[in-house]
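Per the working numbering, the sequence shown starts with residue 265, numbered consecutively.
Built from N, CA and C at the ideal position, the CB exists for glycine as well.
Small disclaimer: the values here were computed from a predicted structure and weren't measured.
The structure appears right after this line, and notes come after that.
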Amino acid sequence: MRPANQKREADNREIVLLVLLGFISILLWHSPYGGYLLYPFSILATWFHEMGHGLAAMAFGNDFERLVIFPDGSGYALHIGEGEPGRVSQAAIAAAGLLGPTVAGCLLILASRAHKMTKGALIALGVALIGSTLIWVRSTTGWMVLPALGAICLGLAFYGREQHRRFSVQFLGVQGCISIYRDFGYLFTEGGMMEGRMQMSDTGHIEQALVLPYWFWGGLITALIIVMVFYALKIAHRR
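Laid out in structure tokens, this is it:
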């Protein structure tokens, strides 16, 4: 068998493995005890989500005040701006939270292409987790889980074997890409409960800013997520 065919088969097996990991994770999230096994990754997904809101808010000139993660995995990013926010900025900040985990997941999958990129991705993620905790996180759950995950990422980057680093980056990437489907209904609702209070959903905020109904934006964001994951896998395994 020619080397090119061997590489193609190896890539196909890897894609199948990533899809299988995603499928198993979704099943575990919806099983009675699977949520406990994936709890740290649920907190990580919330961190991706809320950091997406916070960083987007900063990009539009707002102050990112704090990031709070509750024990049930919900959370919020508090950002403050001067004056009434514009419609475009309001919609973009809301969408950034929904797309943030997938963007981060796709970048991690792309980073698994090369040894140096894999190590660099783990270092960057570890530093971001610990640094953001010191700067913005203001909750016990965040303080307990995020620095621990950051330390594990740094430990793998500097002391882990290459195959372990590669698998870890791909696994974390998969968790980011599929995390939106943990609470898929959230995309297609105007609001939900957080710490016992009704809160407007991100697609509800986009509807409020851009008029079209929340289910339209939920469908559009779902399509964008599928496209991003497809091209991330395609580029990551391009030879």
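Distance check for residue j and residue i, CA to CA, integer angstroms please.
i, j, result
"Ile499", "Gly347", "42 Å"
"Val491", "Ser443", "16 Å"
"Leu484", "Gly316", "18 Å"
"Thr486", "Thr453", "14 Å"
"Leu451", "Ser403", "25 Å"
"Val352", "Leu342", "18 Å"
"Glu329", "Arg277", "44 Å"
"His286", "Ile344", "According to the sequence as given, residue 286 is Gly; it is not His. So the two alpha carbons sit approximately 36 Å from each other."
"Gly364", "Ile387", "19 Å"
"Tyr297", "Ser289", "12 Å"
"Leu362", "His313", "6 Å"
"Phe435", "Ile279", "12 Å"
"Gly299", "Tyr495", "29 Å"
"Ser295", "Ile489", "24 Å"
"Pro411", "Gly419", "12 Å"
"Gly337", "Ile470", "22 Å"
"His428", "Thr405", "27 Å"
"Gln463", "Lys380", "42 Å"
"Leu478", "Leu292", "Position check: residue 478 holds Tyr in this sequence, whereas Leu was assumed. Those two C-alpha atoms are separated by around 28 Å."
"Ala378", "Leu284", "22 Å"
"Ala385", "Gly468", "33 Å"
"Gly350", "Tyr423", "47 Å"
"Cys417", "Ala392", "10 Å"
"Ala368", "Phe480", "24 Å"
"Val493", "Val409", "26 Å"
Given the structure, does residue i come close to the ligand GDP, in the sense that its CB is under 7 Å from one of the ligand's heavy atoms?
i, result
"Ile344", "Because no ligand of any kind appears in the structure shown, any question about the ligand GDP cannot be addressed here."
What do you reckon, are the CB atoms on residue i and residue j nearer than 8 Å?
i, j, result
"Gly395", "Ala421", "no"
"Ala320", "Asp466", "no"
"Val433", "Thr382", "yes"
"Thr310", "Gly339", "yes"
"Ser376", "Arg425", "no"
"Ala473", "Ala360", "no"
"Leu282", "Leu497", "yes"
"Gly318", "Trp407", "no"
From the options, pick the residue whose C-alpha is nearest to that of residue i; which is it?
i, options, result
"Leu398", "Gly414, Gln434 and Tyr495", "Gly414"
"Gly482", "Tyr445, Val493 and Phe494", "Tyr445"
"Pro335", "Leu308, Pro349 and Gly384", "Leu308"
Per DSSP, what are the beta-bridge partners of residue i in this structure?
i, result
"Tyr340", "Val332"
"Val367", "Answer is none; Val367 lacks a bridge partner."
"Val401", "Leu331"
Chain C beta carbons: is any one of them nearer than 8 Å to that of residue i?
i, result
"Ala487", "Given the protein chain composition of this structure (a single chain), no chain C is represented."
| task | State whether the segment 359–372 contacts the segment 437–454, with contact taken as three or more CB pairs (one from each stretch) at a distance under 8 Å. | result | Two segments are said to touch when three or more pairs of C-beta atoms, one from each, lie closer than 8 Å; by this definition the segment 359–372 touches the segment 437–454.
| request: Indicate whether the contact test is met: 3 or more Cβ pairs, each with one atom in the segment 296–306 and one in the segment 317–327, closer than 8 Å. | output: Taking one beta carbon from each stretch, the segment 296–306 and the segment 317–327 have fewer than 3 pairs nearer than 8 Å; the two do not touch.
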